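Each residue of the sequence shown is one higher than the one before, starting from 1 at the first, in the UniProt record's numbering. Worksheet for the structure shown next.
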Amino acid sequence: MRPTSLPCRRTDARGLVTIELALVLGTFLLLVLGTIEVARVLYVLNTVQDVTRVAARAAAVTDFTNEAAMDAVRAHALLGSDNGTLPLVPELGTAHVRIEYLGQKANGTVTEIVQPQSPAQNVVNCALSPHAGPCIRLVRASICGAVGPGGACTPLRYQPMLGLVPGFASMSIPPSATLVKAESLGYIPGENNVIE
Numbered sequence: 001m002r003p004t005s006l007p008c009r010r011t012d013a014r015g016l017v018t019i020e021l022a023l024v025l026g027t028f029l030l031l032v033l034g035t036i037e038v039a040r041v042l043y044v045l046n047t048v049q050d051v052t053r054v055a056a057r058a059a060a061v062t063d064f065t066n067e068a069a070m071d072a073v074r075a076h077a078l079l080g081s082d083n084g085t086l087p088l089v090p091e092l093g094t095a096h097v098r099i100e101y102l103g104q105k106a107n108g109t110v111t112e113i114v115q116p117q118s119p120a121q122n123v124v125n126c127a128l129s130p131h132a133g134p135c136i137r138l139v140r141a142s143i144c145g146a147v148g149p150g151g152a153c154t155p156l157r158y159q160p161m162l163g164l165v166p167g168f169a170s171m172s173i174p175p176s177a178t179l180v181k182a183e184s185l186g187y188i189p190g191e192n193n194v195i196e
C-alpha cells in the first residue's frame with residue numbers, strides 16, 4: 001500500500017523568502033558600501049602623501065620664478081591630471097598643493113626665507129653664505145585646504161563618496177608634507193643667469 005501524503009499548504013510561507021532577503025540584503029549592502037568607503041579613505045591618505053612627495057621632488061629641480069613651470073609641477077604631482085583633480089579624490093586639486101622654499105641655519109633649524117630673484121642668484125647666495133640670507137636649501141610640499149592667518153595650513157576636508165558611514169562627513173585629511181633638499185631649482189649654467 002502506498003502511503004498517502006498530506007497536501008502541503010504553501011500559502012502560509014508565501015513572501016517569507018522575500019522578507020528574509022530584504023533584511024539580509026540591507027545589512028549586506030551596508031557592509032559592502034562601508035568597506036568601499038573605508039578603502040577609499042585609505043587610498044586618499046596614501047595618495048595625499050604620494051602627491052606631496054612628487055611635488056617636492058619636482059619643485060626641487062624647477063625654476064621657482066616661472067609660474068607656468070610651477071603650475072606644471074602641481075599638475076604633475078596630481079599624477080598628470082588634465083582637469084586638475086585626481087580621479088577618486090575630487091576634493092584635492094592643484095590649488096591645494098602648497099610649495100615652500102626654505103632656508104636652514106647652521107644649527108639645523110629650518111626657516112622661511114625671502115626668495116632670491118632667480119635660481120642663479122640662489123646659487124650665488126648659497127655660495128656666499130649657505131646658512132644665512134636668502135639661500136634656498138630645502139623645498140617643502142604640503143596639502144592645504146586653505147592657508148590661514150600667518151601662513152598656517154588648514155587641513156583639507158574629506159568628502160565621502162556616499163555619506164552612509166557615520167563620522168566620515170566630518171573627517172579631515174591629516175596634514176601631509178614632504179621636505180627635500182633643494183637641487184638645481186631650474187638653474188642651468190649659461191642660461192637664466194640674472195644676478196644682482
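Backbone N, C-alpha and C define an ideal beta-carbon position, used for all residues, glycine too. Predicted model, so just to flag it, every value in this text is computed and none were measured.
Mapping DSSP to helix, strand and coil, what is residue i?
i: Y187; result: coil
i: I99; result: strand
i: T52; result: helix
i: E91; result: coil
i: T47; result: helix
i: T85; result: strand
i: L21; result: helix
i: R137; result: coil
i: G167; result: coil
i: G34; result: helix
i: L29; result: helix
i: L162; result: coil
i: A59; result: helix
i: A182; result: coil
Tell me, please, which residues DSSP counts as bridged to residue i.
i: A146; result: T154
i: A177; result: S142
i: V110; result: Q104
i: S172; result: R157
How about residue i and residue j: are their beta carbons less than 7 angstroms apart?
i: R137; j: L179; result: no
i: T65; j: S142; result: no
i: T94; j: A75; result: yes
i: V48; j: A59; result: no
i: S172; j: T52; result: no
i: N125; j: G133; result: yes
i: E183; j: V97; result: no
i: A120; j: Y187; result: yes
i: residue 205; j: Q159; result: In the structure as shown, the chain begins at 1 and stops at 196. Residue 205 is therefore absent and cannot be evaluated.
i: A154; j: G167; result: For clarity, residue 154 is Thr in the given sequence; the question names Ala instead. Not a contact, by the Cβ cut-off of 7 angstroms.
i: V165; j: G34; result: yes
i: residue 204; j: V32; result: Nothing about residue 204 can be reported from this structure: the residues present for the chain run from 1 to 196 only.
i: L102; j: V114; result: no
i: A106; j: H131; result: yes
Looking at the unbroken alpha helix (DSSP H) that takes in residue i, where does it start and where does it end?
i: V73; result: 67 to 77
i: C126; result: 119 to 128
Counting only C-beta atoms, is residue i closer than 7 angstroms to chain C at any point?
i: K181; result: This model lacks chain C altogether; it includes just one protein chain.
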